[in-house]
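*Asks:*
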Amino acid sequence: SEQNWPLMSTKVEPIDKALSLLAAARKSAGDGIYGKRVDLVVECLKPLKERREKLALGRKDAPHAFAAERKITDLKLDGKLDEPFWKEVPVYELKELITSNAPKSKTTFQIAWADKAIVFGIRCEDSDMKNLNTWADKDGDPGIFNDDNIELLLETQTHDYYQLAINANGKIIDLDRKDGRRNSLWSSQAEIAVFKGSDSWSLEVKIPTADLIEGGIDASKKVEGTRPTETEPWFFNVCRHRARGKESELSAFSPTGHKRFNDQSKFGELFIK
Numbered sequence: 454s455e456q457n458w459p460l461m462s463t464k465v466e467p468i469d470k471a472l473s474l475l476a477a478a479r480k481s482a483g484d485g486i487y488g489k490r491v492d493l494v495v496e497c498l499k500p501l502k503e504r505r506e507k508l509a510l511g512r513k514d515a516p517h518a519f520a521a522e523r524k525i526t527d528l529k530l531d532g533k534l535d536e537p538f539w540k541e542v543p544v545y546e547l548k549e550l551i552t553s554n555a556p557k558s559k560t561t562f563q564i565a566w567a568d569k570a571i572v573f574g575i576r577c578e579d580s581d582m583k584n585l586n587t588w589a590d591k592d593g594d595p596g597i598f599n600d601d602n603i604e605l606l607l608e609t610q611t612h613d614y615y616q617l618a619i620n621a622n623g624k625i626i627d628l629d630r631k632d633g634r635r636n637s638l639w640s641s642q643a644e645i646a647v648f649k650g651s652d653s654w655s656l657e658v659k660i661p662t663a664d665l666i667e668g669g670i671d672a673s674k675k676v677e678g679t680r681p682t683e684t685e686p687w688f689f690n691v692c693r694h695r696a697r698g699k700e701s702e703l704s705a706f707s708p709t710g711h712k713r714f715n716d717q718s719k720f721g722e723l724f725i726k
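Under my numbering, the first residue of the sequence shown carries the number 454, and numbering increases by one thereafter.
#1: If contacts are defined as beta-carbon pairs under 8 angstroms, then E657 and L493 qualify, I think. What distance do you get, rounded to the angstrom?
#2: Does the beta-carbon distance from N690 to A672 come in below 9 angstroms?
#3: Can you tell me which of D716, E677 and I619 puts its alpha carbon nearest to the alpha carbon of A570?
#4: According to DSSP, is E667 part of a helix, a strand, or is it coil?
#5: Can the beta-carbon of G721 be found closer than 9 angstroms to that of G623?
#6: Give the DSSP-derived three-state secondary structure of P500 in the structure shown.
#7: Output needed for K591: all residues of its chain with C-beta closer than 7 angstroms, excluding positions within five of it in sequence on either side, in chain order.
#8: Mind checking whether S653 and D579 have CB atoms under 9 angstroms apart?
#9: Hey, how far is the Cα of S481 from the Cα of N602?
#10: Please name the residue in R713, K699 and D484 whose C-alpha comes closest to that of N586.
#11: Which value, in whole angstroms, describes the spacing of the CA atoms of I645 and E466?
#12: Could you tell me whether the segment 632-641 touches the segment 542-553, where touching means 3 or more Cβ pairs closer than 8 angstroms?
#13: Distance, Cα to Cα, W539 vs G650?
#14: If you reduce the DSSP assignment to three classes, tell me which class G574 lands in.
#15: Is S655 helix, strand or coil when you go by DSSP?
#16: Report the three-state DSSP secondary structure of K583 (helix, strand or coil).
#17: So for N727, helix, strand or coil by DSSP?
#18: Excluding the 5 residues flanking P708 on each side, which residues of the same chain have their C-beta closer than 8 angstroms to its C-beta?
#19: Measuring straight from C-alpha to C-alpha, what distance separates G483 and G596?
#20: Residue ranges of each beta strand (DSSP E) run of no fewer than 3 residues wholly in the segment 591-660, ordered along the chain?
#21: Given a cut-off of 9 angstroms, decide if S655 and R713 are closer than it, judged by their beta-carbon atoms.
#22: Less than 9 angstroms between the beta carbons of A520 and K726, yes or no?
#23: Mind reading off the beta-carbon distance from I564 to A518? Whole number of angstroms is fine, and I expect it under 8 angstroms.
#24: Where E522 and I486 are concerned, what is the direct C-alpha to C-alpha distance, given to the nearest angstrom?
Here is the structure:
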């Protein structure tokens, strides 16, 4: 298992072999002290089973994005994305949701990891700023999904998955989508700042994370997940809904090929570099 551990971040087969050997060890160990020792290993490797399920979704062609490490004290949360905090952080561009072509309205984003918080900086170009759709005027309003908005879909090593939708006024609806549910009682505790210019609107979103211990104490708050690395990545998507009258333009970092954002099999891979 130690020799094959690096393969377990990308392949199902070595995970299945390791779990099979572990099951055989548990059966042989009995109920004494050795059985208790194996139980500790079984508990420790629960995330490995979840990783296997994610790999089985077939994400070998998922796009990758890198988060840059920063100090949270260097972040000025004003939505403008013009401070040194964002300097030299990789910039990624959204594609049309179905065709993967360039959308009419360009959207770019950056990601930083800062003191146990994940921070997104997103810029949405728009040639018709005066007609932005921002009807929803309070957090938790389902109407946010119909506004000009950004959606962040976050799947961590331990949690499937979270959905945050933020409109151009900075109002948010956040959902815990674990096991296919729509748990609206969960709160991301996100801090949001929006800036509106003459030809674009931009936002900064700071999302605090909780480790396994903190998340186990109170699963109703924060994104539960540990630092994303190459061997323990997150999976995610950044999506935009641009609404003008009866027309909509949908774009995403990882296009799904159909008219919905929350397709986990299409989530991209995210880790700190």
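We treat Cβ as the ideally placed atom computed from N, Cα and C, and that holds for glycine. All of these numbers come straight from a predicted model, not from anything done at the bench.
*Replies:* In terms of the structure at hand:
#1: As a first step, residue 657 is located in the sequence shown; it is residue number 204 there, counting from the start. As a first step, residue 493 is located in the sequence shown; it is residue number 40 there, counting from the start. The beta-carbon separation of E657 and L493, rounded to 42 angstroms, does not stay under the 8 angstroms limit for a contact.
#2: Position 237 of the sequence shown, counted from the first residue, corresponds to residue 690. Position 219 of the sequence shown, counted from the first residue, corresponds to residue 672. At a Cβ-Cβ threshold of 9 angstroms, N690 and A672 do not count as neighbours.
#3: By one-based count along the sequence shown, residue 570 stands at place 117. The option with the nearest alpha carbon to A570 is E677.
#4: Counted from its first residue, the sequence shown places residue 667 at position 214. The answer is helix: DSSP assigns E667 an H, G or I state.
#5: Position 268 of the sequence shown, counted from the start, is the residue given in the question as residue 721. Position 170 of the sequence shown, counted from the start, is the residue given in the question as residue 623. No, the pair does not count as a contact, with Cβ atoms beyond the cut-off.
#6: On the sequence shown, position 47 is the one that residue 500 refers to. It is helical.
#7: Here residue 591 refers to the residue found at position 138 of the sequence shown. If we look at K591 and ignore the five residues flanking it on each side, its Cβ neighbours are K624.
#8: Against the sequence shown, residue 653 aligns to sequence position 200. Against the sequence shown, residue 579 aligns to sequence position 126. In terms of Cβ geometry, S653 and D579 form a close pair [threshold 9 angstroms].
#9: Within the sequence shown, residue 481 is the residue found at index 28, counting from 1. Within the sequence shown, residue 602 is the residue found at index 149, counting from 1. Cα to Cα, S481 sits roughly 55 angstroms from N602.
#10: Taking the sequence shown and counting its residues from 1, the one referred to as residue 586 is at position 133. For the residues R713, K699 and D484, the minimum Cα distance to N586 belongs to K699.
#11: Reading the sequence shown from its first residue, position 192 is the one you call residue 645. Reading the sequence shown from its first residue, position 13 is the one you call residue 466. Going by the C-alpha atoms only, they are around 42 angstroms apart.
#12: These segments do not touch.
#13: In the sequence shown, counting from the first residue as 1, residue 539 sits at position 86. In the sequence shown, counting from the first residue as 1, residue 650 sits at position 197. A direct Cα-Cα distance of roughly 18 angstroms separates W539 from G650.
#14: In the sequence shown, residue 574 corresponds to position 121, counting from 1. G574 falls in the strand class under three-state DSSP.
#15: Translated into positions along the sequence shown, residue 655 becomes position 202. In the three-state scheme derived from DSSP, where H, G and I count as helix and E and B as strand, S655 is classed as strand.
#16: Locating residue 583 in the sequence shown gives position 130, where the first residue counts as 1. Reduced to three states, the DSSP call for K583 is helix.
#17: Because the chain is modelled from 454 through 726, residue 727 falls outside the range shown and cannot be assessed.
#18: Start at 1 with the first residue of the sequence shown, and residue 708 comes out as number 255. In its chain, beyond the 5 residues on either side, K548, E549, L550, I551, T552, S553 and K719 have a beta carbon closer than 8 angstroms to the beta carbon of P708.
#19: Your numbering for residue 483 matches position 30 in the sequence shown. Your numbering for residue 596 matches position 143 in the sequence shown. Computed Cα separation, rounded: 56 angstroms.
#20: If only uninterrupted beta strand (DSSP E) runs of at least 3 residues are considered, those enclosed by the segment 591-660 are 602-608, 615-620, 625-629 and 644-649.
#21: Against the sequence shown, residue 713 aligns to sequence position 260. Against the sequence shown, residue 655 aligns to sequence position 202. Inclusion of R713 and S655 in the CB contact set at 9 angstroms is not warranted, their separation being larger than that value.
#22: Stepping through the sequence shown from its first residue, residue 520 is reached at position 67. Stepping through the sequence shown from its first residue, residue 726 is reached at position 273. Taking 9 angstroms as the cut-off, the Cβ atoms of A520 and K726 count as close.
#23: The residue given as residue 564 occupies position 111 in the sequence shown. The residue given as residue 518 occupies position 65 in the sequence shown. Right, their Cβ atoms sit about 6 angstroms apart.
#24: For the purposes of this step, residue 522 is identified with residue 69 of the sequence shown, where counting begins at 1. For the purposes of this step, residue 486 is identified with residue 33 of the sequence shown, where counting begins at 1. When rounded, the separation of the alpha-carbon atoms in E522 and I486 is 43 angstroms.
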